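Asks: Here's a structure for you.
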Amino acid sequence: MGYLASMRIWRGNSEAGQLENHKVEVGEGEVVLDVIHRLQATEAPDLAVRWNCKAGKCGSCSAEINGKPSLMCMTRMNTFAEDEEITVTPLRAFPVIKDLVADVSFNYKKAREIPAFKGPENLKPGEYRMEQIDVQRSQEFRKCIECFLCQDTCHVIRDHEENKEAFAGPRFFIRLAELDMHPLDQLDRKRDAQEEHGLGMCNITKCCTAVCPEHIKITDNAIIPMKERVVDEKYDPLVWLGRTIGRRKAD
Amino acid sequence: MAEFERHEYDVVIIGAGGAGLRAAIEARASGLRTAIICKSLFGKAHTVMAEGGIAASMGNVNSKDNWMVHFRDTMRGGKFQNNWRMAELHAKESPDRVWELETYGALFDRTPEGKISQRNFGGHEYPRLAHVGDRTGLELIRTMQQKIVSLQQEDFAETGDYESKIKVFAELTITEILKTDGKVSGVLGYWRESGEFVVFEAPAVVLATGGIGKSFKVTSNSWEGTGDGHALALKAGGNLMHMEFIQFHPTGMVWPLSVKGILVTESVRGDGGVLRNSDGKRFMFDYIPPVFVKQYADTEEEADRWYTDPDNNRRPPELLPRDEVARAINTEVKAGRGSPHGGVFLDVSTRLAPEVIKARLPSMWHQFKELADVDITKQAMEVGPTCHYVMGGVQVDPDSGAATGVPGLFAAGEVAGGMHGSNRLGGNSLSDLLVFGRRAGVGASEYVAALSSKPKLEQAEIDRALASALAPFKGDSKENAYAVHYELQQMMNDLVGIIRVGAEMREAIEKLEAMKERAKHLSVAGDTKFNPGWHIALDLMNMLLVSEAVAKSAMEREESRGGHTRDDFPTMDPKWRAIHVITSWDGSKVSTERQTLPQMPKELAELFDVDELKKYLLPEELAQLGMGGN
Numbered sequence: 004m005g006y007l008a009s010m011r012i013w014r015g016n017s018e019a020g021q022l023e024n025h026k027v028e029v030g031e032g033e034v035v036l037d038v039i040h041r042l043q044a045t046e047a048p049d050l051a052v053r054w055n056c057k058a059g060k061c062g063s064c065s066a067e068i069n070g071k072p073s074l075m076c077m078t079r080m081n082t083f084a085e086d087e088e089i090t091v092t093p094l095r096a097f098p099v100i101k102d103l104v105a106d107v108s109f110n111y112k113k114a115r116e117i118p119a120f121k122g123p124e125n126l127k128p129g130e131y132r133m134e135q136i137d138v139q140r141s142q143e144f145r146k147c148i149e150c151f152l153c154q155d156t157c158h159v160i161r162d163h164e165e166n167k168e169a170f171a172g173p174r175f176f177i178r179l180a181e182l183d184m185h186p187l188d189q190l191d192r193k194r195d196a197q198e199e200h201g202l203g204m205c206n207i208t209k210c211c212t213a214v215c216p217e218h219i220k221i222t223d224n225a226i227i228p229m230k231e232r233v234v235d236e237k238y239d240p241l242v243w244l245g246r247t248i249g250r251r252k253a254d
Numbered sequence: 005m006a007e008f009e010r011h012e013y014d015v016v017i018i019g020a021g022g023a024g025l026r027a028a029i030e031a032r033a034s035g036l037r038t039a040i041i042c043k044s045l046f047g048k049a050h051t052v053m054a055e056g057g058i059a060a061s062m063g064n065v066n067s068k069d070n071w072m073v074h075f076r077d078t079m080r081g082g083k084f085q086n087n088w089r090m091a092e093l094h095a096k097e098s099p100d101r102v103w104e105l106e107t108y109g110a111l112f113d114r115t116p117e118g119k120i121s122q123r124n125f126g127g128h129e130y131p132r133l134a135h136v137g138d139r140t141g142l143e144l145i146r147t148m149q150q151k152i153v154s155l156q157q158e159d160f161a162e163t164g165d166y167e168s169k170i171k172v173f174a175e176l177t178i179t180e181i182l183k184t185d186g187k188v189s190g191v192l193g194y195w196r197e198s199g200e201f202v203v204f205e206a207p208a209v210v211l212a213t214g215g216i217g218k219s220f221k222v223t224s225n226s227w228e229g230t231g232d233g234h235a236l237a238l239k240a241g242g243n244l245m246h247m248e249f250i251q252f253h254p255t256g257m258v259w260p261l262s263v264k265g266i267l268v269t270e271s272v273r274g275d276g277g278v279l280r281n282s283d284g285k286r287f288m289f290d291y292i293p294p295v296f297v298k299q300y301a302d303t304e305e306e307a308d309r310w311y312t313d314p315d316n317n318r319r320p321p322e323l324l325p326r327d328e329v330a331r332a333i334n335t336e337v338k339a340g341r342g343s344p345h346g347g348v349f350l351d352v353s354t355r356l357a358p359e360v361i362k363a364r365l366p367s368m369w370h371q372f373k374e375l376a377d378v379d380i381t382k383q384a385m386e387v388g389p390t391c392h393y394v395m396g397g398v399q400v401d402p403d404s405g406a407a408t409g410v411p412g413l414f415a416a417g418e419v420a421g422g423m424h425g426s427n428r429l430g431g432n433s434l435s436d437l438l439v440f441g442r443r444a445g446v447g448a449s450e451y452v453a454a455l456s457s458k459p460k461l462e463q464a465e466i467d468r469a470l471a472s473a474l475a476p477f478k479g480d481s482k483e484n485a486y487a488v489h490y491e492l493q494q495m496m497n498d499l500v501g502i503i504r505v506g507a508e509m510r511e512a513i514e515k516l517e518a519m520k521e522r523a524k525h526l527s528v529a530g531d532t533k534f535n536p537g538w539h540i541a542l543d544l545m546n547m548l549l550v551s552e553a554v555a556k557s558a559m560e561r562e563e564s565r566g567g568h569t570r571d572d573f574p575t576m577d578p579k580w581r582a583i584h585v586i587t588s589w590d591g592s593k594v595s596t597e598r599q600t601l602p603q604m605p606k607e608l609a610e611l612f613d614v615d616e617l618k619k620y621l622l623p624e625e626l627a628q629l630g631m632g633g634n
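In order, the protein sequences belong to chains L and W. Under my numbering, the letters of the first sequence match residues 4 to 254, in that order. Under my numbering, the letters of the second sequence match residues 5 to 634, in that order.
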């Protein structure tokens, strides 16, 4: 065990920055974050990096490794050849604060714009009854660790800053889907997704699903079903009538 | 001194894990303007790492369960060292705290009747842990985070400002609690990115900062577990109690080195996983202590029957409380019966079908596959003890969470002491966060309401705190904080670890003195702008202070109990049961003091068999309870 890896690390701030080359020792079984930490403890004590659990559970150490949005704590060094150059850069869809740390406040802002779960008024705490099969669909989306890699990779905002206003992004489409599929939620989430959060702007290229470290089927299980039901609702005259009279949730 | 950012709040909550967020919900409900401060981003606190579940005697799976059984299990788990009042409140209130989470949007796994499912766990007599696969902590933190957001949405609807009543300050570290005339008047902190200082003026502060694991080499704790709250309380004049009781979780990953210490959930054993040594033997049958022989099976056949027929069989010894299992693993490894990387084997692959394993333990499957190239549906895991949790913490009033000796200071969750006694049961942590988080929120609100005027922040106090935060830039040595931290972790692991002995602890206390001296002279390069070297220097001060409290408390207690095992005093001694070791700080050193634990009232004592009480209590204590005669 033990070799020197060639790391190219982005250093800089919101104004300017560049890639710096470092040779860093790698131990057996290590991940990219270990190597970044070694660099911090040796050559670059002021290298900024955000991390926390180091076990793929908190979603803090998101960055781009050789251009691919990844968790640094879950990217094993042995997935690269020993002589391969490994480039680590901050999330590109968000403003840089310093080095590998990006300003992800966009996501917290969007989170606040989605109305919270609203349970039935007539059920008291302890009276909720739901079947496992019914909660399972939403549970898949609640596995989300908010690493925001899906948000980073989504080309609707990655290359189009101007879309950020109208588009909440894949993380929040699964939040909306989770609430929509929650057996006891009382609000209409589909219309909200379409009209307030830009669901229609997604053209299902599945890039989000590809980078999700929790392997949530964002596109297939959340976005596509939501899109289908938005369409059903829009064009189904009975649903339209029901909604117009304003009595109940469409489904 | 330059002007810096200032805020005024009714209550400042330090820590945004389960306890801090639950306290915030309660404080806002009482009308307090509330600041929540977290070292990480919002929603990343260590609560997220909890796996197994939340213990609450809802009785959904076995209707025989109730708060009295939960109370009994908690006291047994803590070897009767617990503050009985906290254990009582916890057992009584945890079902309501869990049900309330459903109204916030939490989605727990279900029973066939559609109720919240509950799973078995070490030390719990009945299936008691509400859970979501093995990612219960994530569900808890996300639910609380989303509840905070929903309250902010209500405030927005009312005032046009999301942050009019609750504001989250993320990536900010608090370095000192500020006082005026002996009362809390605010806190000083710094933004981690910019290094700029922030002053919060507030009459009440709730500590919800979690644990101290980063003082040990092998730990399941993240970088945040540096004992900040424990140190803040000591520095503010509060007491710590029970600091000798540290839980080494029996099953942490042992390989690869870079993930050594990361937790392997107890649910693996709760769901049927067994521990074997290198001879293939299920060794836990050899380690059932006398106090537990009535509850644990002594043959593999009986143990295996228990999973399907718990009413007529005793539990498998793999589900003994964590301290027992951790010690057993430690002994097996020392005896040369360990696994190739210095642990033992935890096997679920021969016990459950692959699809069941993936459904019930998804994140364990994922964690081993991705970090260790081990497929747990086909192979055994290698596991060993890891520093997981500190039972000790700030001495508080059980009902309100008010810290002893510091008006305006409150503590809840891992940073508070007493609830778990000498050893915490799995699943009792998440419920602790919710029960006592809420109570600290109420306690802080009542305290603020009763104040005739808010203590005014004094500039001299701010300057004092500022000088101490900047001290690492003024050091005169070339030493760096990383090196001292590394030595501290190794030393605590070696000398005040899972098995302790007087001579080694004396050595640890001497070494800590030397490290404290070195830490005074550390010199940090650069300035305060995102400077991990400075952050670690400040964290190190906290870790040294807390480690001194741990080592001195451990030295003081001359017996073995729960998360405190001494080779030179290997047995539990009823004389020590009623004694709490309390630590305080005089500005330069930690000192210890023994206090007598309040006696549990008769109606709670009567929940136990007299024969069981005799194992823990002295004859005169039993006589006081009127239970001595028989």
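All C-beta atoms, glycine included, are put in the ideal place defined by N, C-alpha and C. As the structure is a computational prediction, the values presented were derived from the model and not from experiment.
Can you tell which of W:K187, W:H539, W:L244, W:I170 has its C-alpha closest to the C-alpha of S557 (chain W)?
Replies: It is W:L244.
Asks: Counting contacts by CB-CB distance shorter than 7 Å, is D235 (chain L) in contact with chain W?
Replies: Output row for D235 (chain L): interface = no.
Asks: Any Cβ of chain W within less than 7 Å of the Cβ of I100 (chain L)?
Replies: By this cut-off, I100 (chain L) is an interface position.
Asks: Is L45 (chain W) helix, strand or coil when you go by DSSP?
Replies: In this structure, L45 (chain W) counts as coil in the three-state DSSP scheme.
Asks: Helix, strand or coil, according to DSSP, for I178 (chain W) in the structure here?
Replies: I178 (chain W) falls in the strand class under three-state DSSP.
Asks: In the DSSP assignment, what are the bridge partners of P72 (chain L)?
Replies: BP columns for P72 (chain L) point to L:E67.
Asks: Using a cut-off of 7 Å between C-beta atoms, extract the partners of A44 (chain L) located in chain W.
Replies: Y486, listed in chain order.
Asks: Please compile the residues from chain W whose C-beta is within a distance smaller than 8 Å of the C-beta of M133 (chain L).
Replies: Ordered by position in chain W, the residues that pass the 8 Å Cβ test against M133 (chain L) are L111, R114, G118.
Asks: Restricting to Cα atoms, I'd like to know which of W:R326, W:T78, W:T381 is closest to A91 (chain W).
Replies: Considering only alpha carbons, the answer is W:T78.
Asks: Can you tell which of L:T156, L:L202, L:D188 has the C-alpha that lies nearest to the C-alpha of R194 (chain L)?
Replies: Closest option to R194 (chain L), Cα to Cα, is L:L202.
Asks: Please decide whether M77 (chain L) counts as near chain W, where near means a Cβ-Cβ distance under 7 Å.
Replies: M77 (chain L) counts as touching chain W.
Asks: For a contact defined as C-beta to C-beta under 8 Å, what are the partners of F120 (chain L) on chain W?
Replies: Within chain W, the residues near F120 (chain L) are Y108, G109, Q150, S154.
Asks: Taking the runs of the alpha helix (DSSP H) that are 4 residues or longer, which of them lie wholly in the region 160-238 of chain L?
Replies: The qualifying runs are 173-184, 192-199, 210-214, 227-238.
Asks: Rounded to the nearest angstrom, how far is the Cβ of V554 (chain W) from that of V500 (chain W), given a contact under 8 Å?
Replies: Contact flag correct, Cβ pair sits at about 6 Å.
Asks: In the DSSP assignment, what residue or residues form a beta bridge with R504 (chain W)?
Replies: The partner list for R504 (chain W) (beta bridge, DSSP) reads W:R570.
Asks: Taking only beta-carbon positions, decide if R14 (chain L) is within less than 7 Å of chain W.
Replies: No, R14 (chain L) lies away from the interface with chain W (no Cβ there is under 7 Å from its Cβ).
Asks: In terms of residue numbering, what span does the alpha helix (DSSP H) encompassing E88 (chain L) cover?
Replies: Per DSSP, E88 (chain L) belongs to no alpha helix (DSSP H); it is in the beta strand (DSSP E), 88-92.
Asks: Can you name, in chain order, every residue of its own chain whose Cβ lies under 7 Å from the Cβ of M184 (chain L), other than the five neighbours on each side?
Replies: Within the same chain, M184 (chain L) has close Cβ partners R140, S141.
Asks: Applying the 10 Å Cβ sphere with the 16-neighbour rule, what's the burial state of A84 (chain L)?
Replies: Counting Cβ neighbours within 10 Å, A84 (chain L) comes out exposed, since fewer than 16 surround it.
Asks: For the ligand FMN, is there any heavy atom lying closer than 6 Å to the beta carbon of L142 (chain W)?
Replies: This structure does not include the ligand FMN; it has no bound ligands of any sort.
Asks: If we define contact as Cβ-Cβ less than 7 Å, is N110 (chain L) a contact residue for chain W?
Replies: It does not: the Cβ of N110 (chain L) has no partner Cβ on chain W nearer than 7 Å.
Asks: Check whether chain W comes within 7 Å of C1 (chain L), counting only Cβ atoms and requiring the distance to be less than that.
Replies: Any question about residue 1 (chain L) goes unanswered here, given that chain L covers just 4 to 254.
Asks: With distances taken Cα to Cα, identify the nearest neighbour of G397 (chain W) among W:V585, W:E205, W:Q149.
Replies: Nearest of W:V585, W:E205, W:Q149 to G397 (chain W), Cα basis: W:V585.
Asks: Tell me the residue span of the alpha helix (DSSP H) that contains E305 (chain W).
Replies: It spans 304-310 - the alpha helix (DSSP H) in which E305 (chain W) sits, taken as one unbroken run.
Asks: According to DSSP, is D351 (chain W) part of a helix, a strand, or is it coil?
Replies: The answer is strand: DSSP assigns D351 (chain W) an E or B state.
Asks: Determine the DSSP secondary structure at V268 (chain W), reduced to helix, strand or coil.
Replies: V268 (chain W) falls in the coil class under three-state DSSP.
Asks: Within its chain, find whatever has a CB closer than 6 Å to the CB of V52 (chain L); leave out the 5 residues flanking it on each side and keep chain order.
Replies: Only I39, L103 meet the Cβ criterion.
Asks: Identify the continuous alpha helix (DSSP H) that holds S367 (chain W) and give its terminal residues.
Replies: It spans 366-376 - the alpha helix (DSSP H) in which S367 (chain W) sits, taken as one unbroken run.
Asks: Return helix, strand or coil for Q599 (chain W), following the three-state DSSP convention.
Replies: In the structure shown, Q599 (chain W) sits in a strand (DSSP, three-state: E or B).
Asks: Out of W:E305, W:Q493, W:P254, which one is the CA nearest neighbour of E386 (chain W)?
Replies: Among W:E305, W:Q493, W:P254, the Cα nearest to that of E386 (chain W) belongs to W:P254.
Asks: At 8 Å on the CB atoms, spell out the chain W contacts of Q189 (chain L), in chain order.
Replies: Those within 8 Å of Q189 (chain L) in chain W number zero; the least Cβ separation is about 12 Å.
Asks: From G137 (chain W) to I148 (chain L), what does the alpha carbon distance come to, in whole angstroms?
Replies: Approximately 15 Å, taken between the alpha carbons.
Asks: Are any of the Cβ atoms in chain L nearer than 7 Å to that of I266 (chain W)?
Replies: Yes, I266 (chain W) lies at the interface with chain L (some Cβ there is under 7 Å from its Cβ).
Asks: Report the residue from W:A406, W:L261, W:Y130 whose alpha carbon sits nearest the alpha carbon of P314 (chain W).
Replies: Among W:A406, W:L261, W:Y130, the Cα nearest to that of P314 (chain W) is on W:Y130.
Asks: Can you have a look at K127 (chain L) and say buried or exposed, based on whether 16 or more other CB atoms are within 10 angstroms of its CB?
Replies: It counts as exposed.
Asks: Taking Cβ-Cβ distances shorter than 8 Å, what residues in chain W pair up with V104 (chain L)?
Replies: The answer, in chain order, is E197, F534.
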